[in-house]
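The structure appears below as structure tokens.
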Amino acid sequence: MPRGLPKFVHLEKQMPEKREAEARRRDFHEIYAEFAAERAREQASRCSQCGVPFCQVHCPLHNNIPDWLMLTAEGRLEEAYEVAAATNNMPEVCGRICPQDRLCEGNCVIEKGFRSVTIGAVEKYITETAFANGWVKPPRPPRELAQSVGIIGAGPGGLAAAEELRRRGYQAHVYDRYDRVGGLLVYGIPNFKLEKTVVARREALLREGGVVFHLECEVGRDLTLTELRLRHDAVLIASGVYKARDFAVPGIGLRNIFPALDYLTASNRAGLGDTVPLFDDGTLNAAGKHVVVIGGGDTAMDCVRTAVRQGAKSVKCLYRRNRANMPGSQREVQHAEEEGVEFVWLSAPEAFLGDEAVTGVRAVRMRLGIADSSGRQAPQVIDGSHFTLEADLVIKALGFDPEDLPTLFTAPELGVTRWGTIKADFRTLMTNLDGVFAAGDIVRGASLVVWAIRDGRDAAASIHRYLKAKTAAPAAAAAE
Amino acid sequence: MDRTRPEDGQRFIEDYRRNAAHLEGHGLYDPRDEHDACGVGLVAAIDGKPRREVVAAGINALKVLWHRGAVDADGKTGDGAGIHVQIPQGFFKEHIRDTGHEPGEGRLAVGMVFLPRTDFAAQERCRCIVEAEILAFGYGIYGWRQVPIDISVIGEKANATRPEIEQILINNTKGTNARQFEIDLFIIRRRIEKQMLAESIRDFYICSLSCRSVIYKGMFLAEQLTAFYPDLLDDRFVSSFAIYHQRYSTNTFPNWWLAQPFRMIAHNGEINTLLGNMNWMRAHEPRMAHAWFGDHMQDLLPIVQPGSSDSAALDAVFEVMVRADRSVPMVKTMLMPEAWANQPSLPQDIKDLYSYCNAVMEPWDGPAAICAYGGQWAVAGMDRNGLRPMRYTITSDGLLIVGSETGMVRLDETRIVEKGRVGPGQMIAIDLRNGKLYRDREVKAMLAKERPFGKWTKSIKKLDGLIKKGADERVELDREALRRRQLAVGWTLEDLEMILHPMAEDGKEALGSMGDDTPLAVLSDQHRPLHHYFRQNFSQVTNPPIDSLRETRVMSLVTRLGNLGNILDEDESQCRLLQLASPVLSNGEFEAMRAYMGATAADVDCTFDASKGDGALREAINRIRQEAEDAVRGGAQHIILSDKATSAARIAIPMILAAGAVHSHLVRKKLRTFISLNVRSGECLDVHYFAVLIGVGATSVNAYLAQETLADRHRRGLFGALSFEEVVQRYKRAVDQGLLKIISKMGISVISSYRGGCNFEALGLSRSLVAEFFPGMPSRISGIGLNGIERKLRELHERAYGEDIAALPVGGFYRYRRGGETHAYQGALIHTLQTAVATDSYSTYKKYSEGTRKLPPVSLRDLLDFKPKRPPISVDEVESITEIRKRFVTPGMSLGALGPEAHETLNIAMNRIGAKADSGEGGEDPARFKPNANGDNPNSAIKQVASGRFGVTAEYLNNCRELEIKIAQGAKPGEGGQLMGFKVTEMIAKLRHSTPGVTLISPPPHHDIYSIEDLAQLIYDLKQINPDAKVCVKLVSRSGIGTVAAGVAKAKADVVLISGHVGGTGASPQTSIKFAGTPWEMGLSEVHQILTLNRLRHRVKLRTDGGIKTGRDVVIAALLGAEEYGVGTAALVAMGCIMVRQCHSNTCPVGVCTQDPKLRAKFEGTPERVVNLFTFIAEEVREILASLGARSLNEIIGRTDLLFQVSRGSPHLDDLDLNQILAQADPGDYPRYCTLEGRNEVPDTLDAQIIKDAQPLLVDGEKMQLAYNIRNTHRAIGARLSSEITRRYGMAGLPPAHITVRLRGSAGQSLGAFAVQGLKLEVFGDANDYVGKGLSGGLIVLRTMTASPLASHENTIMGNTVLYGATAGKLFAAGQAGERFAVRNSGAEAVVEGCGSNGCEYMTNGTVVILGPVGDNFAAGMTGGMAFVYDPEEQLPARLNGETVLLQRIETPYWEGVCRALVQEHADHTQSRWAAGLLNDWDREVGKFWQIVPKEMIGRLAEPVKREALAAASA
């Protein structure tokens, strides 16, 4: 910050050591090594300590990036962790899986000509160092409050909210229909991006800090929303969006065509040692198969790279736009390519071939039309450009939609939008039901983990205001 | 309208009074802000015998001082002049006889009285009161004498306010001796004055009431003195002394009584510590007593009359001290002591004398040349800095002539036995009774012997020795407790990292850049500590800031604690005090001091119970005040205010509030001087906080939490190998340095005169709160009060103790952070603006403009909106974009701060649209003076003249449309600047005439502007060197700027620029960026009001800048009175700036503000983008004008009635009131904008004649020699001729001495200013200040007349500040120069035979040889060039400031050759016998020369200076 001049003029950008593609395609371990302490300091010192830090401006959590970079550069890691943790409940997760190239690093002002500061890797380094040194503490509320909050969903949004509420002394109860804490962090994201122990570590801290988890407890099945509202002073819906998008093309009903999440969950569960029949019988295992993944988002990237690791014969990714226009992270694409994935740009499936099980995908070439008012170029089919890809396993990674929550929760009174997301006040995040808040993908639609954390934090702050006002109101009434 | 018709005087007066009353009540006019400065002098007969010649000489001297005064447009009304002489007893006695009475034997007394002229009843009442008081004292009255006057010689305005002028003649019927009579008359006068005040009689004033002397003064031009008062022509008017004075005032209203001399002194200069001095005088008053006054002491109080000018106040104190039996020289020594503490060569008894004086009372500090008379003594003295000129001449027949200039009295050279100057802190005195002349050292020695000061001062207990040894820096808080406390005082990580840590690590304050774009504290929704509401005051124009870095020898932080005595006494008891070297104490030191104080100190807890309801703060303050008062009454000598008891249950009171509350309370109770007030504050961290605490009255300050924080950081190893003691000491040093800097900005050099002076302006503090706790401090917009503060304290406390927080908030005050303070330049807005200008999209620009408008309020204008009074018109009817764009300026950003690409892009863009770019300081590449091949003009239209004078050559000054004198800069008013060595590239060094890689420093003051008449002189010089360019004076907004601007307008400036406090900067201390200056909305409005009031507005253009970023800002600036608009930061953003705020580190990643070629390559700015920006702003202006129904900007300038306040800020404020800003003065028949075509011309000087005579040179290039007789009224000789030569032949186009101009007599100021090659000026006689200012290649020779008996090396031949900013040329002067010889010389070669203090200061190039003694602080801040000093007595080592230079004997033949050749040249040109003697014995004398080499230059010189280096090179 004030001391020592920014070093980016003379010091090259470096990422931590990335394992050789050959080695990493054989296991599910994370691909980046830890930064060596010296290297992390060096890289952090490249930060130009901007007066207007665009990295922060473009970070959904508004992390105080220049500040913890400065602290890292000075070797003050405990403080760096404190600063990082002050705006982020899981910096170790964001450091690993955020698409930094589209957020902080992509907006780094020295990017032009000097390549950006290495932000994500430093963030991960800081947090891992903090864990190693025992600086990461469970929430320690200064005083216990009687009020409690029920949180639906143990994904990143719900966990962030739970921790923030605990810090303020509220009783936090988290309900999740799955058997593990973490939501998509556990079952959606493959190990090579985020080792499961990382999530488990957080869970342990939250439990230690007094967060109560109710797992395999599905709202609508095991209890109703109304019951939950009665049990708690406020409720937060952070259930995420799970309904896989689909499309209608001939052959979609063939065997061995799966939604991405089924595929990823199976792989993750298997990795965790669970018994997964469909995986164990080879149905959801890509080993020895020609795999075609359809889609260009980060989920598609997770699928192709998982397939590589499972030992697929070939892995192809079919996407209807080109590289520059894909929603997923460029860095992920690069990793995937290194690991042997073949990208088939500007192509869309026209039909799935095969009798019972899928054997191939007939695709058609696309071209991009001129940009519409939103700036996106709509893909258009190039007539007569069919081609066929061999496929034993097809994974559809087309995105997610919300489930029908009013029905699921047997709470028809809960207001939703025409897309099925929950209607929440943009300032308070409260739904149309008093004391019921909503946050994360279920409000904004499928999005990044970092947004879920942000929403969870915002919701916690809003719930805090709501509950404080609620406590004050009777007191004020009594005083009158 | 017909502007040649002089305005009717009576109407002017009526209009003025009405306007002034309105603006005082509702606007920004405060009569206390008015300033004056002047020319002053004394003539005396050394034998003490009255002579007619003394009076005649005084009258004549006054007549050649006219250029130091100002003249009204009517050509007759002056700012005041007068003379103080002995009473010619015979003259008055004869008058008495003529009226039919027989005068008594003894002395009669004369009262010179101004009576109300038109109100006869009041006039009669005045006479009654005067007579009654005289008779009541037992004296008789001869009667009233109507003083003969000739009103035909005064202007209409002066006549309209002219009083009835009469003399009361008093008979010493009691037969008391002269001394008693004089004291009685003093008491009588005070009683009369009090009576008048009690009866609210205005326009009554006693110029003098004395049995010894009488003062004739009035509002005429100096030369009309005897015409107006024919008395003075009477040969019986004889006197042993004559003090005369010519005034230059910042207003135009003729106030007769403000003319000088006053009763004791005539003063040229300004008292910067006035506020503090007046406060302390009030505090001293209760204890004042003296046998001579007896029971009448009460009649004398208050000593200083309310509403007095600084000079009048000083006079009043001076008078009471003299009447209480102190000699005039002693009082001078006490009130204006020499800077003695850092002078090793001073004898101990004189040091004791000063030490005693320091124990008695606070000095009156500021630039001052005074002439004083008090019966036995006539004295001429100087302030400690020597900031005003004071030259003297002694004749063979015993006349002493002292004054602001030499040559004021024409004397035959053969009659002169001595010429000299009064140095800093010095005086020259005549004992008129005994007929003896005392030079400075003699007076001081005499005074030192009068009392056993050495014995007395032994009673002063120096605490430093005591506490330093035992200081144990203990640590009390663990990390958790520390963090809670840090949170409780609202600190952020940013405070610790950016402010605290650098102070403790480097011992210096941290630097920042790009100005301040955060909200004013009062507008912020964040927690803002109380010191954010205090804006530091600073000097501009009417007095200079002091250079706290290079001239620190004159400054002092010495702090006295304890019981202050009766200032009228003179005894040992006054020395029973504790003394600290600095008011800043570490924890260990504080505790050691506390232990020493023991039971003499009382502790007062400054926290309050968090559980108590609203109003607890008020209650607690009442308690604190009561406890303090009780302690004093109980005999305590020290009070300790502390907030250390802060806890979860107790909230700390901001210690500024607590200290102000106790100080003001004790002053009101007349108890303040009994105790010291020591403060322990948690909140206190930065330098500004310390300054505010001391400014509101704290004696000493301990920032205990800052130290605990440092301890924590030290424990964590953040200070490397530094010991904790060292860390604490560095922090203290940073605070000490910072305090010196802050007081120096005000021109104050001693902390004791700063303490309690409230030298701030409140911005956003409730008026009633200020009136109660910080009386005297301006608070113009009101704001937060006690309730609001309490609310904010509670919020902060709740956050600190209510939640589990691991890290401090990250901040955002200095740099944008989300969740922190709002910044006007936000990421998205920056990008939007950049997209708009890159794509030429006005609609995108509008998004930016609207986005800016939607931000939370940042500046005052965000609280205002438009109130159309006419129906809107079509935009088509509004003046064109082209017209509007001409009014835009990109403010001074130097090449050096900006990269060359960015600098040139701005110039090209502004030239393309007929607008103006300002070069900034630092010269310009002559290649830019010709258009580029593509037709673009890369030449800056405005050339800046700043204090460093880098690259200010005749050529530079002749290649522009406007010259801007940068007095101050928004980001650091009152401070100098510096360009770090790593930014001084080859190119920059060339433009600045310096050496690559060597740091360049601009001094805080312009060394040729120490007061308003100096500024007038610089404007004069600039208008001579460029006969076409307009002159702009750049000021920074603060309260009182209006009267400064009026003075500037009277000095013939054409444009006045009002910069807001937010201004951008390459580098400046963070606390300066944040806490000095005020928004331009306030300054601009004040200037507009005051100029209109003074009928000056239509003669000058007003320009404003500071954060202007949209068309809306421009229109508001127009409505508040500006007709031109500076847009700096937004223009940078248009060129790619993204507010990285690393300008000071040369790592700008977009290549705007860097000299690193790698980064400069990133520059993507284009002239088109800048043009687009200004086009968009202009278009937006047109739209708003249309909505207001106005067709042009001129129609709305100053129309504040089209604005209204839409928001009064947050509801917890007491009020937020912009009405004062929106007040209007009635402009009468004049427009509210500048109607001047061309420029305000200045009178011709000798050059007009020279140019006529030099036609053969100018037309045909012939070699010429011309000769003239000159006087001190011939100023800037050679400048205009140099302009002609430069324009025809170029700056170096003629061979040296192609035209020789020989001059006989005393040259006026600025002889040879900017003289170019080809011109030789040869003076036989002497010269005044500023010889060779900006010398650009010319040759100047000064010598005495051949017939003169003076020894050249003992003779002062020229004044102060010679060769300031010279870039080339030569000067040979056979005699001594004054102070600051060759300051900022960057290329001239010169030989003189001695010089005053601060010689060769800031020199960056050139060679100087001094063949005689030099004054103190030689070579301070010298980073280039070379100096040689002949010093047979080895005095130089004690007088050298060795920070940047090396002192050695001449070691190598090369440098000996350089030195000798210059001495030879000197001898050839001047025929100096002294130089000839040295050359004759060169081998014997050469060993007595010193060579002074800048340290940074040693490795960079082509020829080595060291013997070893030479040996190594040849080996």
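Line order of the protein sequences matches chains A and B.
Numbering follows our numbering, with no gaps: position 275 of the first sequence is 275.
Numbering follows our numbering, with no gaps: position 387 of the second sequence is 387.
All residues carry an ideal CB built from backbone N, CA and C; glycine is no exception.
I'd like to know whether the C-beta of PRO349 of chain A is nearer than 9 Å to at least one C-beta of chain B.
no
By the 10 Å Cβ neighbour count, where 16 or more other Cβ atoms means buried, how is LYS419 of chain B classified, buried or exposed?
buried
For LEU740 of chain B, which residues from the same chain have a beta carbon less than 6 Å from its beta carbon, with the 5 sequence-adjacent residues on both sides left out?
SER548 and MET555
Same chain, Cβ closer than 8 Å to LEU346 of chain A, neighbours up to 5 away in sequence not counted
TYR319, ARG320, ARG321, ASN322, ARG365, MET366, ARG367, LEU368 and PRO379
Per the contact definition of three or more C-beta pairs closer than 8 Å, is the segment 716-725 of chain B in contact with the segment 649-658 of chain B?
no
Threshold first: 4 residues or longer. Then list the alpha helix (DSSP H) segments lying entirely within the segment 327-394 of chain B, N to C.
328-335 and 348-360
I'd like to know whether the C-beta of PHE387 of chain A is nearer than 9 Å to at least one C-beta of chain B.
no
Counting C-beta neighbours from all protein chains within 10 Å, is the total for GLU270 of chain B 16 or more, i.e. buried, or is it exposed?
buried
Neighbour-count burial assignment, SER700 of chain B, 16 or more Cβ in a 10 Å radius:
buried
Given a cut-off of 9 Å on the beta-carbon distance, is the pair LEU432 of chain B and SER240 of chain B in contact?
yes
Measure the CB-CB distance between ASP401 of chain A and VAL241 of chain A and report whether it falls below 9 Å.
Taking 9 Å as the cut-off, the beta carbon of ASP401 of chain A is found closer than this to the beta carbon of VAL241 of chain A.
Using Cβ-Cβ distances below 8 Å, what residues of the segment 72-83 of chain A are close to chain B?
GLU74, ARG76, GLU79, GLU82 and VAL83
Can you tell me whether DSSP reads CYS217 of chain A as helix, strand or coil?
Coil at CYS217 of chain A, not helix or strand.
Buried or exposed (CB count within 10 angstroms, at least 16 for buried), MET1 of chain A
Residue placement at MET1 of chain A cannot be trusted, given a pLDDT of 37 that sits under 50; what the coordinates show is reported in the next sentence. Looking at its Cβ environment, which holds 16 or more other Cβ atoms inside 10 Å, MET1 of chain A is buried.
Buried or exposed by the 16-neighbour rule on C-beta atoms within 10 Å, applied to VAL878 of chain B:
buried
Over what stretch of residues does the alpha helix (DSSP H) that includes GLY1121 of chain B continue unbroken?
No alpha helix (DSSP H) holds GLY1121 of chain B; DSSP gives it neither H nor E.
Going by Cα to Cα distance, which pick from A:ASP27, A:CYS55, A:GLU79 and A:PRO91 is closest to VAL109 of chain A?
A:CYS55
Anything in the segment 1132-1157 of chain B with a Cβ closer than 8 Å to a Cβ of chain A? List those residues in chain order, please.
ILE1138, MET1139, VAL1140, ARG1141, GLN1142, SER1145, ASN1146, THR1147, PRO1149, VAL1150 and ASP1156
Nearest CA to the CA of ASN1360 of chain B: which residue from B:HIS1088, B:ARG961, B:GLY386 and B:MET777?
B:GLY386
Considering only residues of the same chain and omitting the five flanking positions on each side of ARG1516 of chain B, which have a CB-CB separation below 7 Å?
Because chain B spans 1 through 1515 in this model, residue 1516 of chain B falls outside it and cannot be assessed.
Could you work out which residues of chain A lie near ARG715 of chain B, taking near to mean beta carbons separated by less than 7 Å?
Neighbours of ARG715 of chain B on chain A: none; closest Cβ ~12 Å, over 7 Å.
Which two residues bound the contiguous alpha helix (DSSP H) that contains THR844 of chain B?
842-854
Chain A residues whose Cβ lies nearer than 9 Å to that of GLN826 of chain B
VAL52 and VAL57
Do the CB positions of LEU1093 of chain B and GLY1121 of chain B come within less than 9 Å of each other?
no
So which of B:VAL1458, B:GLU1379, B:GLY1499 and B:LYS1495 has the shortest CA-CA distance to GLY423 of chain B?
Of B:VAL1458, B:GLU1379, B:GLY1499 and B:LYS1495, the residue nearest in Cα terms is B:GLU1379.
Endpoints, alpha helix (DSSP H) assigned at TRP66 of chain B
TRP66 of chain B -> no alpha helix (DSSP H), and no H or E assigned at all.
Residue range of the beta strand (DSSP E) that includes ASN702 of chain B:
700-702
Buried or exposed for SER152 of chain B, going by 16 or more other Cβ atoms inside 10 Å?
exposed
Thinking just about the alpha-carbon of each residue, which of B:PRO775, B:LEU1159, B:GLY1396 and B:ALA1366 is nearest to the one in GLU901 of chain B?
With respect to the C-alpha of GLU901 of chain B, the residue from B:PRO775, B:LEU1159, B:GLY1396 and B:ALA1366 having the closest C-alpha is B:LEU1159.
MET893 of chain B CB to nearest chain A CB: under 9 Å?
No - not a single Cβ of chain A is within 9 Å of the one on MET893 of chain B.
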